[in-house]
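*Asks:* Chain order of the listed sequences is A and B.
Per my numbering, residue 326 is the first one in the first sequence, and the count goes up by one each step.
Per my numbering, residue 660 is the first one in the second sequence, and the count goes up by one each step.
Just so you know, even glycine gets a beta-carbon here, dropped at the ideal spot from N, CA and C.
Since the structure is predicted, the reported quantities are computational estimates derived from the model, not experimental observations.
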Amino acid sequence: MICGGYYAKFCTQPTLAAVRNGLLELCDFKIFDWDNLSSETSNRWYAECFSGYPVLYKNLLAYHTGSVANMIMAMAKPLMEPSMRASILMGCQIIENEESRTPFRRLKDFYFQPNAQVAYLNLLERAKVLIAMRQHNEESFRL
Amino acid sequence: MAAAARLVEAAVAAQQANLLQPDKVGLDTTMWITAVERAWALEVKHAVESNKELEPLSDMWYAHHAIIAQGNLDEALRRIQIMQTFRQEYKINHSVEQAHHYLSELIEQQPGFLLNLDVDLEQQISVNAFDVGCFNPTKALQTDPKNAGRRAADCKAIGVS
Numbered sequence: 326m327i328c329g330g331y332y333a334k335f336c337t338q339p340t341l342a343a344v345r346n347g348l349l350e351l352c353d354f355k356i357f358d359w360d361n362l363s364s365e366t367s368n369r370w371y372a373e374c375f376s377g378y379p380v381l382y383k384n385l386l387a388y389h390t391g392s393v394a395n396m397i398m399a400m401a402k403p404l405m406e407p408s409m410r411a412s413i414l415m416g417c418q419i420i421e422n423e424e425s426r427t428p429f430r431r432l433k434d435f436y437f438q439p440n441a442q443v444a445y446l447n448l449l450e451r452a453k454v455l456i457a458m459r460q461h462n463e464e465s466f467r468l
Numbered sequence: 660m661a662a663a664a665r666l667v668e669a670a671v672a673a674q675q676a677n678l679l680q681p682d683k684v685g686l687d688t689t690m691w692i693t694a695v696e697r698a699w700a701l702e703v704k705h706a707v708e709s710n711k712e713l714e715p716l717s718d719m720w721y722a723h724h725a726i727i728a729q730g731n732l733d734e735a736l737r738r739i740q741i742m743q744t745f746r747q748e749y750k751i752n753h754s755v756e757q758a759h760h761y762l763s764e765l766i767e768q769q770p771g772f773l774l775n776l777d778v779d780l781e782q783q784i785s786v787n788a789f790d791v792g793c794f795n796p797t798k799a800l801q802t803d804p805k806n807a808g809r810r811a812a813d814c815k816a817i818g819v820s
């Protein structure tokens with residue numbers, strides 16, 4: 326699982342321009358609760374990988390944040406990368422137009438189109454393309 | 660034609676201003692680095708190559724670390740050391756096959772958690788999207804290569820011994 330998280334980040338850095346422009350991270354907290362937390366998991370992953378992973382956080386947009394998410398974020402902020410800490414925007418809502426101004430829409434409603442299965446197949450294909458792009462750039466780039 | 664001419668003009672102007680150094684791909688600006696970033700990257704490369712405990716990286720990785728550390732050599736070396744240990748412990752090889760394997764595993768094990776990963780190639784902006792309420796930490800540790808045995812076939816397929 327930690328390796329999946331690693332590759333989710335690695336895939337988004339196929340070029341130096343993408344590295345420089347940074348990562349936009351979108352997190353939906355609508356059904357987030359204490360059960361989704363584990364200090365063992367987060368401490369270990371942070372120590373083993375994410376404290377050293379070279380990424381610039383452009384923005385971390387937190388959607389549908391409730392009291393648990395607010396509390397967790399407040400506790401986690403001091404441990405975060407400076408660029409991540411500065412990029413956090415809590416309480417985001419999905420708004421397509423005035424009529425859609427509703428707290429019920431979730432990020433998955435946008436990404437899982439036409440359904441989760443097809444969306445995941447597309448995601449895996451996209452990841453392949455991005456990794457191949459990175460490989461090509463690694464082979465051809467010289468300082 | 661006019662757009663291409665403008666691009667060439669901009670590239671020449673940038674080079675003359677010594678702001679950007681094109682790589683050998685030509686006018687693909689996505690792999691350009693500034694003269695300052697290049698100097699940082701060469702400093703990182705020199706430091707890694709003269710440290711016997713660190714494995715050499717590709718020039719792109721040196722540039723990648725240099726851009727993130729923004730000239731802070733100690734910070735770049737700290738990250739390189741952590742990532743080297745991680746790569747060794749988890750046998751990370753950055754192949755398409757391994758990436759596909761681990762992302763599929765993540766999707767299967769944590770349904771609904773990973774929503775998207777992508778790069779807007781026009782703007783060169785990356786996106787990760789997660790539904791954090793779908794994350795199950797107990798399951799996450801169960802299939803950790805360090806915690807659980809992996810099936811031999813899987814290991815062979817992705818280069819993990």
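Does D682/B get closer than 9 angstroms to chain A when you measure Cβ to Cβ?
*Replies:* The pLDDT assigned to D682/B is 47, lower than 50, so where the model puts this residue is not dependable; a value taken from the coordinates is nonetheless given after this. So, interface residue.
*Asks:* What first and last residue would you give for the alpha helix (DSSP H) that runs through I327/A?
*Replies:* Per DSSP, I327/A belongs to the alpha helix (DSSP H) from 327-335.
*Asks:* Among the residues of its own chain, which have a CB less than 6 angstroms from the CB of C814/B, if the five just before and after it don't count?
*Replies:* With a pLDDT of only 49 at C814/B, under 50, the local geometry of the prediction cannot be trusted, and no value is derived from it.
*Asks:* Where do the N-terminal and C-terminal ends of the alpha helix (DSSP H) with E712/B fall, by residue?
*Replies:* It is not in any alpha helix (DSSP H) - E712/B carries neither H nor E in the DSSP assignment.
*Asks:* Take Q680/B and list the residues in its own chain whose beta-carbon comes closer than 8 angstroms to its own, dropping the five residues that flank it on each side.
*Replies:* Its pLDDT being 48, under 50, Q680/B is placed unreliably in this model, and the coordinates cannot settle the point.
*Asks:* Taking Cβ-Cβ distances below 9 angstroms as the criterion, which residues of the stretch 426-452 of chain A are in contact with chain B?
*Replies:* Result list: R431, L432, K433, F435, Y436, F437, A441, A444, Y445, L448, L449, R451, A452.
*Asks:* Could you pull the start and end residues of the alpha helix (DSSP H) that E450/A belongs to?
*Replies:* That run of the alpha helix (DSSP H) goes 441-465.
*Asks:* Is it buried or exposed, L348/A, if we count other Cβ atoms within 10 angstroms and call 16 or more buried?
*Replies:* Its Cβ being crowded by 16 or more others within 10 Å, L348/A is buried.
*Asks:* Starting from the beta carbon of N775/B, find every residue of chain A whose beta carbon is closer than 7 angstroms, and list them in chain order.
*Replies:* Neighbours of N775/B on chain A, chain order: Y436, L448.
*Asks:* Does the beta carbon of E764/B sit closer than 9 angstroms to a beta carbon anywhere in chain A?
*Replies:* Closer than 9 angstroms: yes.
*Asks:* Identify the residues that DSSP records as bridge partners of C417/A: which are they?
*Replies:* In the DSSP output, where bridge partners are listed per residue, C417/A has Y388/A.
*Asks:* Going by beta carbon distance, what residues of the same chain come within less than 7 angstroms of A788/B, once the five residues before and after it are set aside?
*Replies:* Closer than 7 angstroms at the Cβ level, and outside the excluded window around A788/B, lie L774, N775.
*Asks:* Where R467/A and E734/B are concerned, what is the direct C-alpha to C-alpha distance, given to the nearest angstrom?
*Replies:* C-alpha separation (whole angstroms): 22 angstroms.
*Asks:* Reducing DSSP to helix, strand and coil, say where I356/A ends up.
*Replies:* Here I356/A sits in coil by DSSP.
*Asks:* Pick helix, strand or coil for Y378/A, following the three-state DSSP scheme.
*Replies:* In the structure shown, Y378/A sits in coil (DSSP, three-state: anything other than H, G, I, E or B).
*Asks:* How do the stretch 399-411 of chain A and the stretch 763-782 of chain B stand: do at least 3 beta-carbon pairs fall below 8 angstroms, yes or no?
*Replies:* In short, these stretches do not touch, since the Cβ pair count stays below three.
*Asks:* With distance defined between alpha-carbon atoms, name the residue in A387/A, L449/A, D353/A nearest to D434/A.
*Replies:* When each option's Cα is compared against that of D434/A, the closest is D353/A.
*Asks:* Using a 10 Å radius around the Cβ and a threshold of 16 neighbouring Cβ atoms, would you call H723/B buried or exposed?
*Replies:* That one is buried.
*Asks:* 9 angstroms is my cut-off, CB to CB: does Q747/B come that close to chain A?
*Replies:* With 9 angstroms as the cut-off, Q747/B does not count as an interface residue toward chain A.
*Asks:* Is the CB of S709/B under 9 angstroms away from at least one CB in chain A?
*Replies:* No, because no Cβ of chain A sits closer than 9 angstroms to the Cβ of S709/B.
*Asks:* Go ahead and label F429/A buried or exposed: buried means 16 or more other beta carbons lie within 10 angstroms of its beta carbon, across all protein chains shown.
*Replies:* Label assigned to F429/A: exposed.
*Asks:* Give the interface partners of L349/A over in chain B, defined as CB-CB distance under 7 angstroms, in chain order.
*Replies:* Within chain B, the residues near L349/A are I784, S785, V786.
*Asks:* So, using beta-carbon positions, are A452/A and L780/B closer together than 9 angstroms?
*Replies:* Their beta carbons are not under 9 angstroms apart, which means A452/A does not touch L780/B by this criterion.
*Asks:* For chain A, is any of its Cβ atoms less than 9 angstroms away from the one on V755/B?
*Replies:* Chain A, which has a Cβ nearer than 9 angstroms to the Cβ of V755/B, makes this yes.
*Asks:* Do L713/B and I739/B have their C-beta atoms within less than 9 angstroms of each other?
*Replies:* Yes.
*Asks:* Please give the ranges of any alpha helix (DSSP H) in the stretch 735-776 of chain B, keeping only runs that are unbroken, at least 4 residues long and fully inside the region.
*Replies:* Those alpha helix (DSSP H) runs which fall completely within the stretch 735-776 of chain B and span 4+ residues are 755-768.
*Asks:* Would you please verify whether the beta carbon of C814/B is less than 9 angstroms from any beta carbon of chain A?
*Replies:* Because C814/B carries a pLDDT of 49, less than 50, the predicted location of this residue cannot be relied on, and the following value inherits that uncertainty. Cβ-Cβ to chain A under 9 angstroms: no for C814/B.
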